[in-house]
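Below is one structure, written out as structure tokens; comments come after it.
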Amino acid sequence: MIPTAFEYFRPANLSEALALLEQYKDEAKLLAGGHSLIPLMKLRLAQPQYVIDLGGVKELSYIRESGEHLLIGAMTRHVDVETSEMLRQRCPLLAETAHRIGDVQVRNMGTIGGSLAHADPAADYPAAILALGAELRAVSTKGERWIRAEDFFVDMLTTALQPGEILVEVKVPALGPRTGTAYVKVAQKASGFALCGVAVVLAVDPNGVCQDVAVGITGIAPKAYRARAVEEALRGRALDASVIANASAKATEGIDPLEDLHASAEYRAHLARVWCRRAIEQARESV
Amino acid sequence: MGKKFVGEPIPRVEDHRLITGRSQYVDDIVRPRMVYAAILRSIYAHARLKAVNVEKARQAPGVIAVFTGADVREAIGPVPVASRLPDLKIPKHPVLALEKVHYVGEPIAVVVAGDRYLARDAVDMIEVEYEPLEAVVDPERAIAEGAPIVHEEFGTNVAFVWRLSGGDIERAFREADVVVSQRMVNQRLIPVAMEPRGVVAEYLPGEGQLTVWTSTQIPHLLRTQLATMLGLAENRLRVIAPEVGGGFGSKLNVYAEEALVGYLAMRLGRPVKWIETRRENFLSTTHGRGQIAEVEAAVKRDGTVLGLRYKIIQDLGAYHQLLTPAIPTLTGLMATGPYKIPNLHVQIVGAFTNKMATDAYRGAGRPEATYWLERMMDRIAGELGLDPVQVRMRNFPQPEEFPFPTASGLAYDSGNYHQALRRAMELVGYEKLRQEQQQLRQQGRYLGIGISTYVEICALGPSPALPAGGWESATVRVEPTGKVTVLTGASPHGQGQETAFAQIVADELGVELADVRVIHGDTAIVQYGIGTFGSRATAVGGTAVYGALQKVKEKATHLAAHLLGEENVANVAFEDGHFFLKDNPERRMTFHEVALAAYLAKNLPPGVEPGLEATYFFEPSNFTFPFGAHIAVVEVDPETGDVQFRRYVAVDDCGRVLNPLLVDGQVHGGIVQSLGQALLEEAVYDESGQLVTGELTEYAIPKATDVPWLETDRTETPSPVNPLGIKGVGEAGTIAATPAIVNAVLDALAPFGVQHLDMPLRPEKIWRAIRGA
Numbered sequence: 002m003i004p005t006a007f008e009y010f011r012p013a014n015l016s017e018a019l020a021l022l023e024q025y026k027d028e029a030k031l032l033a034g035g036h037s038l039i040p041l042m043k044l045r046l047a048q049p050q051y052v053i054d055l056g057g058v059k060e061l062s063y064i065r066e067s068g069e070h071l072l073i074g075a076m077t078r079h080v081d082v083e084t085s086e087m088l089r090q091r092c093p094l095l096a097e098t099a100h101r102i103g104d105v106q107v108r109n110m111g112t113i114g115g116s117l118a119h120a121d122p123a124a125d126y127p128a129a130i131l132a133l134g135a136e137l138r139a140v141s142t143k144g145e146r147w148i149r150a151e152d153f154f155v156d157m158l159t160t161a162l163q164p165g166e167i168l169v170e171v172k173v174p175a176l177g178p179r180t181g182t183a184y185v186k187v188a189q190k191a192s193g194f195a196l197c198g199v200a201v202v203l204a205v206d207p208n209g210v211c212q213d214v215a216v217g218i219t220g221i222a223p224k225a226y227r228a229r230a231v232e233e234a235l236r237g238r239a240l241d242a243s244v245i246a247n248a249s250a251k252a253t254e255g256i257d258p259l260e261d262l263h264a265s266a267e268y269r270a271h272l273a274r275v276w277c278r279r280a281i282e283q284a285r286e287s288v
Numbered sequence: 016m017g018k019k020f021v022g023e024p025i026p027r028v029e030d031h032r033l034i035t036g037r038s039q040y041v042d043d044i045v046r047p048r049m050v051y052a053a054i055l056r057s058i059y060a061h062a063r064l065k066a067v068n069v070e071k072a073r074q075a076p077g078v079i080a081v082f083t084g085a086d087v088r089e090a091i092g093p094v095p096v097a098s099r100l101p102d103l104k105i106p107k108h109p110v111l112a113l114e115k116v117h118y119v120g121e122p123i124a125v126v127v128a129g130d131r132y133l134a135r136d137a138v139d140m141i142e143v144e145y146e147p148l149e150a151v152v153d154p155e156r157a158i159a160e161g162a163p164i165v166h167e168e169f170g171t172n173v174a175f176v177w178r179l180s181g182g183d184i185e186r187a188f189r190e191a192d193v194v195v196s197q198r199m200v201n202q203r204l205i206p207v208a209m210e211p212r213g214v215v216a217e218y219l220p221g222e223g224q225l226t227v228w229t230s231t232q233i234p235h236l237l238r239t240q241l242a243t244m245l246g247l248a249e250n251r252l253r254v255i256a257p258e259v260g261g262g263f264g265s266k267l268n269v270y271a272e273e274a275l276v277g278y279l280a281m282r283l284g285r286p287v288k289w290i291e292t293r294r295e296n297f298l299s300t301t302h303g304r305g306q307i308a309e310v311e312a313a314v315k316r317d318g319t320v321l322g323l324r325y326k327i328i329q330d331l332g333a334y335h336q337l338l339t340p341a342i343p344t345l346t347g348l349m350a351t352g353p354y355k356i357p358n359l360h361v362q363i364v365g366a367f368t369n370k371m372a373t374d375a376y377r378g379a380g381r382p383e384a385t386y387w388l389e390r391m392m393d394r395i396a397g398e399l400g401l402d403p404v405q406v407r408m409r410n411f412p413q414p415e416e417f418p419f420p421t422a423s424g425l426a427y428d429s430g431n432y433h434q435a436l437r438r439a440m441e442l443v444g445y446e447k448l449r450q451e452q453q454q455l456r457q458q459g460r461y462l463g464i465g466i467s468t469y470v471e472i473c474a475l476g477p478s479p480a481l482p483a484g485g486w487e488s489a490t491v492r493v494e495p496t497g498k499v500t501v502l503t504g505a506s507p508h509g510q511g512q513e514t515a516f517a518q519i520v521a522d523e524l525g526v527e528l529a530d531v532r533v534i535h536g537d538t539a540i541v542q543y544g545i546g547t548f549g550s551r552a553t554a555v556g557g558t559a560v561y562g563a564l565q566k567v568k569e570k571a572t573h574l575a576a577h578l579l580g581e582e583n584v585a586n587v588a589f590e591d592g593h594f595f596l597k598d599n600p601e602r603r604m605t606f607h608e609v610a611l612a613a614y615l616a617k618n619l620p621p622g623v624e625p626g627l628e629a630t631y632f633f634e635p636s637n638f639t640f641p642f643g644a645h646i647a648v649v650e651v652d653p654e655t656g657d658v659q660f661r662r663y664v665a666v667d668d669c670g671r672v673l674n675p676l677l678v679d680g681q682v683h684g685g686i687v688q689s690l691g692q693a694l695l696e697e698a699v700y701d702e703s704g705q706l707v708t709g710e711l712t713e714y715a716i717p718k719a720t721d722v723p724w725l726e727t728d729r730t731e732t733p734s735p736v737n738p739l740g741i742k743g744v745g746e747a748g749t750i751a752a753t754p755a756i757v758n759a760v761l762d763a764l765a766p767f768g769v770q771h772l773d774m775p776l777r778p779e780k781i782w783r784a785i786r787g788a
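So the sequences go chain by chain: P and G. So for the first sequence, the numbering used here puts the first residue at 2; every next one is plus one. So for the second sequence, the numbering used here puts the first residue at 16; every next one is plus one.
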């Protein structure tokens with residue numbers, strides 16, 4: 002509960018932050034809210050020499066429209082995503098997901114960029130980011146690049162970010178016509194993280210036939226994943242109860258579920274199937 | 016009649032300072048030249064200490080001193096245990112480990128440095144050479160043949176076998192129509208007080224006085240014990256319990272760190288602070304519960320319970336803390352609960368394991384008793400095809416049978432158990448709910464209704480029953496301005512006695528609440544007292560306040576008669592803050608005038624001392640026995656095993672109510688802690704003795720969003736044990752609610768043929784039970 006000594010920086014803008022990161026490389030950690038990093042440091046599981054607090058980089062805190070997309074700055078706090086009128090109108094899935102993160106205190110401090118870059122296998126955002134087909138912009142002193150959500154999560158606590166890169170922006174599509182979304186979650190009761198979280202984006206035609214669908218699942222595997230088999234079993238089909246149930250049964254196809262004190266692999270897989278079905282039903286109703 | 020405060024819903028006078036963050040906890044205390052201690056703790060559950068090399072740590076930046084067990088063994092006596100069971104095995108319990116470590120978290124060495132960060136860094140530089148030994152974690156395995164032995168000198172892990180019998184248990188089972196038996200586990204819990212433990216100690220060499228600020232429920236008892244451990248005269252030791260951020264029994268103790276930090280302050284000549292981290296709190300502050308029971312009930316077909324046989328194993332942990340062995344004996348004493356069950360046999364085996372000690376945790380032995388019995392009542396109802404209400408009603412004693420003698424040798428003071436259960440059924444709409452339950456089952460929905468009727472043993476207690484006395488003390492000091500200071504030997508820490516005691520004073524002396532100040536927790540200011548635990552602070556400590564008030568009133572009346580020129584004291588009345596002559600009410604004085612006259616002392620009756628204060632030590636003649644009925648209504652999602660609350664109704668009878676807000680607050684908190692045990696919490700050690708649930712991210716305590724709307728109500732049956740008729744309510748919620756919730760879940764699962772599941776009833780466990788059905 003008492004961290005080792007570290008040097009603390011609070012850059013005022015992105016270029017200062019990038020310069021510090023370039024200078025200290027692996028010995029530095031970015032602090033972007035701190036709800037994951039600080040507990041790890043207090044337990045001495047993380048012992049960075051340098052902490053670069055992005056809290057002063059105001060230019061990374063925004064939510065704005067850009068044509069058919071919405072751009073969210075990496076230092077935007079969960080509470081601002083949760084309560085953004087623009088997101089509630091045009092990308093309700095993201096606001097709904099933010100609403101389910103932790104508790105009020107966590108949402109007041111934690112940021113979308115911090116959460117995504119930490120890549121906790123039980124974090125909420127990854128499910129939504131995958132289902133939305135988001136793109137993530139990373140910047141380093143050498144330039145910038147866009148990373149597709151599916152390429153971003155590499156493994157448990159590991160992302161595609163390279164040393165020296167800072168995740169600065171998340172781009173998500175605005176909701177299309179006749180599209181419903183849902184994020185459902187079973188929380189691990191101690192930590193509030195997801196034992197199972199399912200995000201669904203679902204487009205149906207006037208006859209109730211699924212035109213397109215994306216399902217992101219978190220909490221089940223070492224990293225959040227797209228449930229492709231579920232999606233394939235839905236696409237082009239009229240969404241009656243049995244179609245949804247049969248599709249949801251494939252929620253963990255090809256996945257080796259995690260097992261811990263809070264849930265066995267078997268129960269996690271069961272939760273994924275049940276809540277996948279419930280999420281699809283809920284998304285269908287929200288069309 | 017003037018204003019009456021007793022019985023009114025007065026908001027707590029404590030709350031403003033607590034809510035606005037202006038109260039002072041141990042960690043808020045800063046002394047000049049203060050230094051900080053950090054403790055190296057064992058990473059093994061069972062190991063021989065081959066070597067503890069502290070040289071590198073001694074050289075570390077900012078380090079002032081490092082001490083090991085060998086360094087302090089002569090200077091600091093062992094950690095004490097107060098319980099004295101027959102043939103109890105008491106292991107030596109040094110403040111820092113010597114040859115062996117016996118649980119993960121056992122203190123091995125202490126570092127003192129200029130700040131807490133440097134102290135903590137230096138802890139990592141201590142090199143310990145362990146020789147790991149096989150650990151024993153499961154108490155059933157601990158007492159079986161061939162288990163690793165925690166304390167080799169005993170040759171066994173059985174610390175005691177305690178038996179209690181009443182009536183003729185063999186005959187009860189011979190005459191039974193049916194025998195219902197069940198094995199059950201009452202899991203180990205971590206108390207998780209919001210404020211961890213902490214100690215600041217300062218030594219004044221001129222006075223030869225050691226002051227110890229510590230987060231404790233028992234400052235006076237602790238002072239006596241610390242004086243012994245440190246070889247100090249008790250009147251040179253001052254213990255101060257500042258604001259205490261929750262104890263729940265985990266601070267009803269004498270801990271190694273309290274003596275150690277006191278020693279460091281004396282040895283180093285500088286004030287020393289140690290604040291427990293949350294991780295340390297999980298590892299090395301006492302745990303609660305930890306019982307396994309095999310219960311057999313001898314019953315008649317009509318539901319009459321003839322007798323109960325209990326075989327209980329108590330998981331003690333590695334050492335006895337202050338009351339460790341005594342806790343399960345309370346389970347034994349309360350083993351027949353609110354029922355007229357004339358035949359009883361209880362056997363409790365205390366088992367050493369390589370884990371932190373168990374000790375008092377809110378309810379302390381009585382939640383276990385109530386859980387065993389209330390689960391049995393439902394199992395009996397299930398076996399006999401009776402409604403759970405019917406079985407309970409059939410076995411309640413009648414109100415006219417009180418004081419009611421139990422097979423365990425207690426005499427319940429007063430009660431009306433039928434009334435409490437009827438009231439709870441009325442509130443919840445029991446008959447209608449049962450019909451709805453039937454209808455919902457047709458639709459594949461599973462509603463469960465769980466009942467718990469309970470009686471608890473409170474207001475601990477008559478002195479012969481407690482190791483260090485069971486009385487409580489109070490001084491009522493009327494200041495010259497008529498303000499009233501109360502010094503209570505109970506050491507309340509969040510229960511609201513500053514409010515409740517002020518209410519008693521305001522009514523008795525006719526002053527305003529704001530005129531009363533209640534002081535507690537400082538052994539240099541307050542006369543000796545026992546402390547706050549066992550739902551005793553109001554029933555015993557409040558009665559002491561009442562007793563002191565009577566002495567003050569008597570003296571003031573005597574003085575008022577003299578000042579009013581009345582020879583017959585009986586002709587002086589005292590009402591609403593005024594003394595007056597009964598036959599001439601125009602001749603009157605205010606209470607303030609009398610108080611001032613007592614101090615100015617210009618005109619006192621012959622033989623009367625100046626001043627106006629009195630001290631009273633109240634010795635209760637019996638325990639009190641609060642009771643009640645709780646009903647939980649839940650719905651279980653058969654697909655996921657998830658439990659949702661629909662209703663929660665609590666009818667508690669804690670005797671006379673001084674302040675319904677305080678009572679509700681206690682009941683609410685207790686139910687929430689019960690909910691934690693029933694559904695969420697479990698201290699899990701792995702086979703090697705590592706605490707797997709060692710963080711709040713792994714150990715689930717209830718959050719606000721987990722708590723249903725709590726509907727509370729009361730019946731009021733005064734206790735004859737004290738003049739105020741109070742019984743106590745601090746633990747009712749944790750005693751009653753756990754079985755109510757578990758019974759509700761199992762009632763929901765009845766259609767699947769599930770008879771029992773052990774706590775915590777997490778969704779996966781329920782899902783597996785349904786699937787296995």
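The beta carbon of each residue, even a glycine, is placed where N, CA and C say it ideally should be. Values in this document were obtained by computation on a predicted structure and should not be read as measured data.
- In this chain, Ile-290(G) is not harboured by any alpha helix (DSSP H); it is covered by the beta strand (DSSP E) spanning 287-290.
- In this structure, DSSP gives Phe-660(G) an extended state, which the three-state scheme calls strand.
- Contact between Lys-172(P) and Ala-128(P) is ruled out by a C-beta separation of about 17 Å, above the 8 Å threshold.
- In the displayed model, Gly-84(G) falls within a helix according to three-state DSSP.
- Per DSSP, Glu-190(G) is one residue of the alpha helix (DSSP H) stretching across 184-190.
- Only those residues of the stretch 746-774 of chain G whose C-beta falls short of 9 Å from the nearest C-beta of chain P would be listed, and there are none.
- In this chain, the alpha helix (DSSP H) harbouring Gln-512(G) covers 512-524.
- Taking 9 Å as the CB threshold, Val-275(P) lines the interface with chain G.
- Residues of the same chain with a CB within less than 7 Å of the CB of Ala-422(G), apart from the 5 flanking positions on each side, are Gly-181, Gly-182, Thr-351, Ile-356, Pro-357, Asn-358, Leu-359 in chain order.
- Interface flag for Ile-113(P) against chain G is unset, since no Cβ pair is found closer than 9 Å.
- Partner residues in the beta bridge of Ala-647(G), as assigned by DSSP, are Gly-465(G), Tyr-663(G).
- For the pair of segments examined, the stretch 463-480 of chain G was found to touch the stretch 396-416 of chain G: the number of CB pairs separated by less than 8 Å reaches three.
- About 20 Å separates the CB atoms of Val-202(P) and Ala-222(P); that is not less than 8 Å, and the two are not in contact.
- Beta-bridge partners of Trp-387(G) (DSSP): none assigned.
- Around the Cβ of Leu-46(P), a 10 Å sphere holds fewer than 16 other Cβ atoms; the residue is exposed.
- The C-alpha of Ala-161(P) is placed about 11 Å away from the C-alpha of Arg-138(P).
- Every alpha helix (DSSP H) of 4 residues or more that sits fully in the stretch 117-169 of chain P is shown, in chain order, as 126-132, 150-153.
- Val-499(G) is not a Cβ neighbour of Val-541(G), given a cutoff of 9 Å.
- In its chain, beyond the 5 residues on either side, Lys-251, Glu-254 have a beta carbon closer than 6 Å to the beta carbon of Ala-230(P).
- When Ile-164(G), Ala-248(G), Leu-695(G), Ser-196(G) are compared, the shortest CA-CA separation from Arg-203(G) is found for Leu-695(G).
- Secondary structure of Gln-336(G) (DSSP, three-state): coil.
- Judged by DSSP secondary structure, Pro-93(P) falls within the alpha helix (DSSP H) whose first and last residues are 93-100.
- The C-beta of Lys-104(G) has 16 or more other C-beta atoms within 10 Å across all chains shown, which makes the residue buried.
- The distance from the Cβ of Asp-125(P) to that of Gly-198(P) is about 5 Å, consistent with a contact at the 8 Å cut-off.
- With fewer than 16 other Cβ atoms inside 10 Å of its own Cβ, Thr-159(P) counts as exposed.
- Taking 9 Å as the cut-off between beta carbons, the residues of the stretch 2-33 of chain P near chain G are Met-2, Ile-3, Pro-4, Thr-5, Ala-6, in sequence order.
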